[in-house]
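Protein chains in written order, with full-length UniProt numbering: chain X, 1 to 260; chain P, 1 to 302. Scroll down for the structure; my scribbles are underneath it.
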């Protein structure tokens, strides 16, 4: 694996990550470093393992081999000798509060207002005072352009607005790392832009993020690194110019010729 | 304005037949402001519906008059006992027995549902077995069994079982264990109706197990739980009348005690009937409001 100018401790460090669903190997040994402040965009055909890869990073998916580190510490496990012991749920939950995750289908809580959706985790997981959490939430809503929708219920918002709320909800924990799992795939085409604008802003603000997406144009514009996956392996990685304009691998070329 | 059979809106006026003989609307009486050439829409006549409604109302009227006129109903006796102390005591017992069985039954049922959905195969099997067993036998048989439990275990913790479990305690115990089996399925169904992604989202946000259940899963599950639970509540209210077989003085048994003495069977059964109807109606209204509350954030609410 050739890595681009990695600082001493990468923000995210995957080593030989393997994952099976039954007899299907979904991840077949993934090595990936993402530096602090880096925006990595993961591309690849459906079923290539990109979403699963993303989900191993906050331990929504347990790995069957290899290791995942964020900020230098193992996610979901504790090492003793040559064994990795899975942590207690409480400890895993604490690790997750430092990793924001945005889902393809938003998964906002439909019975809570927009404001309650955003304040829930800071108040109950981080024990922030409610008043302070609400202030932060309103600031975040303003940042994603929804300052006036704090009291609305998710169903009353468009898909694009819901996804922006979901991003604000992830940001409310002030995570050092944001993971996006196809954030625009469930949106009507005319709503994709508003969500990408928000992600673009965050990227410009220096947030470390890993984005699984099919938006090649967005990858070209925002990514520091483009990772191309196929059949559970990273086929190639490099700058957008390298991977998107001069792909070295046949499979990357085939994929790009279909989507571009 | 013509009421010609509806054609294309842009049909040229001169192609339409002149005023049709069946048209009920006189010229000029049609709805205002449509395009000048647009034909008027006339709904089909519903003669059959009207006839059926009249027929049903007449039959209903006849039935009600016969009930009111038939001396054998003895409405004066009904009125006399309706608020008598014995009946009200019986009603009181029926109400608190229903409440106790619902609360305890759903508490145990929720626990059983949690066991059934747990990752532990032993707990899952035990929960399944419980539901299987208590749903497999009639409540009457279970109640008689608990009533006679003293035969199997004459003493429990040094106390005589018969003293420990009086008829009322047997009623609470028997009905609760039976109720829990059904409640477990209702709660389990509610929990399963919540999208798996909701739990993942809560996990990704670092919410603890208890908080996920009480704040995210349960409120959403309630939407699916309330209607069948309301059904069960009404069923339980009426079902408690079964405890009259073990001589617990509920609403039904209280009226039975009276008519065993006075032989006024029908009017006293009417007293019980009217009370059951009254309480059930109040509960239905309560259910409606509860459903509205848990519909927050879904579609049309607010």
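For every residue, glycine included, the Cβ atom is placed at its ideal position computed from N, Cα and C.
Checklist entry - Would the beta-carbon of residue 265 of chain X fall within 8 Å of that of residue 297 of chain P? => result Examination of residue 265 of chain X is not possible in this model, given that chain X is present from 1 through 260 alone.
Checklist entry - Mind checking whether residue 270 of chain P and residue 259 of chain P have CB atoms under 8 Å apart? => result no
Next on the checklist: Is residue 186 of chain X close to chain P? Criterion is C-beta to C-beta, closer than 8 Å.
Outcome noted: no
Checklist entry - For residue 132 of chain X, which residues in chain P fall below 7 Å Cβ to Cβ? => result Within 7 Å Cβ-Cβ: nothing; residue 132 of chain X doesn't reach chain P, min ~17 Å.
Next on the checklist: Assuming contact is defined by CB atoms lying nearer than 8 Å, are residue 54 of chain X and residue 179 of chain X in contact in what I supplied?
Outcome noted: yes
Checklist entry - How would you list, in chain order, the residues of chain C whose beta-carbon sits under 8 Å from the beta-carbon of residue 99 of chain P? => result Of the protein chains in this structure, namely X and P, none is chain C.
Next on the checklist: Report the start-end ranges of each alpha helix (DSSP H) in the stretch 213 to 271 of chain P that is 4 residues or longer and not cut off at the edges.
Outcome noted: 218 to 239, 251 to 262
Checklist entry - residue 120 of chain P by DSSP, collapsed to three states: which one? => result coil
Checklist entry - Grouping DSSP H, G and I as helix and E and B as strand, with all else coil, what is residue 168 of chain X? => result helix
Checklist entry - So is residue 153 of chain X in contact with chain P if we call contact Cβ pairs under 8 Å? => result yes
Next on the checklist: Which of the three DSSP states is assigned to residue 292 of chain P in this structure?
Outcome noted: helix
Checklist entry - Can you name, in chain order, every residue of its own chain whose Cβ lies under 7 Å from the Cβ of residue 15 of chain X, other than the five neighbours on each side? => result 31, 66, 67
Checklist entry - Thinking C-alpha only, which one of P:227, P:145, P:42 is nearest residue 178 of chain P? => result P:145
Checklist entry - Listed from N- to C-terminal order along the chain, which residues in the stretch 187 to 201 of chain P have their beta-carbon within a distance smaller than 8 Å of any beta-carbon of chain X? => result 195, 197, 198, 200, 201
Checklist entry - Among P:194, P:93, P:40, which one has its Cα closest to the Cα of residue 250 of chain P? => result P:93
Next on the checklist: I'd like to know whether the C-beta atoms of residue 130 of chain X and residue 141 of chain X end up nearer to each other than 8 Å.
Outcome noted: no
Item to check | 3-residue-minimum beta strand (DSSP E) runs that sit fully inside the stretch 144 to 205 of chain X, ordered along the chain | outcome: 177 to 181
Checklist entry - What residues of chain P sit near residue 97 of chain X, judged by a beta carbon separation below 7 Å? => result 206
Next on the checklist: I'd like to know if residue 203 of chain P contacts chain X, where contact means its C-beta is closer than 8 Å to some C-beta of that chain.
Outcome noted: yes
Item to check | Own chain residues within Cβ distance below 7 Å of residue 265 of chain P, not counting five before or after | outcome: 259
Checklist entry - Counting only runs that start and end within the stretch 152 to 220 of chain P, where is the beta strand (DSSP E) found for 3 or more residues in a row? => result none
Checklist entry - Is there contact between the stretch 173 to 188 of chain P and the stretch 106 to 120 of chain P, where contact requires at least three CB pairs shorter than 8 Å? => result yes
Checklist entry - Nearest chain X C-beta to residue 216 of chain P closer than 8 Å, yes or no? => result yes
Item to check | Inter-stretch contact (C-beta, 8 Å, three-pair minimum) for the stretch 216 to 233 of chain P and the stretch 186 to 194 of chain P | outcome: yes
Checklist entry - Going along the chain, which residues of the stretch 173 to 200 of chain X sit with their C-beta nearer than 8 Å to a C-beta in chain P? => result 173
Checklist entry - What is the DSSP secondary structure of residue 10 of chain P, reduced to helix, strand or coil? => result The predicted position of residue 10 of chain P is uncertain, since its pLDDT is 46 and thus under 50; no value can be drawn from it.
Checklist entry - For residue 130 of chain P, is the classification buried or exposed, using 16 other Cβ atoms within 10 angstroms of its Cβ as the cut-off for buried? => result buried
Item to check | Beta-carbon neighbours of residue 204 of chain X, restricted to chain P and to distances below 8 Å | outcome: Correct list: empty, because the minimum Cβ distance to chain P is about 24 Å.
Checklist entry - Hey, which unbroken runs of the alpha helix (DSSP H) at 4 residues or more fall wholly within the stretch 59 to 103 of chain P? => result 75 to 82
Item to check | Exposure label - residue 26 of chain P; buried when at least 16 CB within 10 Å | outcome: Any reading at residue 26 of chain P needs caution, since the residue's pLDDT is 49, under 50, leaving its predicted position unreliable; the model's value is listed next. Residue 26 of chain P is exposed by the Cβ-count criterion.
Checklist entry - Could one say the Cβ of residue 293 of chain P lies closer than 8 Å to chain X's Cβ atoms, at least one of them? => result no
Next on the checklist: Going by beta-carbon coordinates alone, are residue 211 of chain X and residue 17 of chain X separated by less than 8 Å?
Outcome noted: no
Checklist entry - Do residue 117 of chain X and residue 126 of chain X have their CB atoms nearer than 8 Å? => result no
Item to check | Cβ neighbour criterion (16 or more within 10 Å) applied to residue 19 of chain X | outcome: buried
Checklist entry - Which value, in whole angstroms, describes the spacing of the CA atoms of residue 3 of chain P and residue 44 of chain P? => result Below a pLDDT of 50, predicted positions are generally treated as unreliable, and residue 3 of chain P, at 45, falls in that range; the measurement from the model is reported next regardless. Each residue's alpha carbon lies about 12 Å from the other.
Item to check | Residues sharing a beta bridge with residue 85 of chain X, DSSP | outcome: X:78
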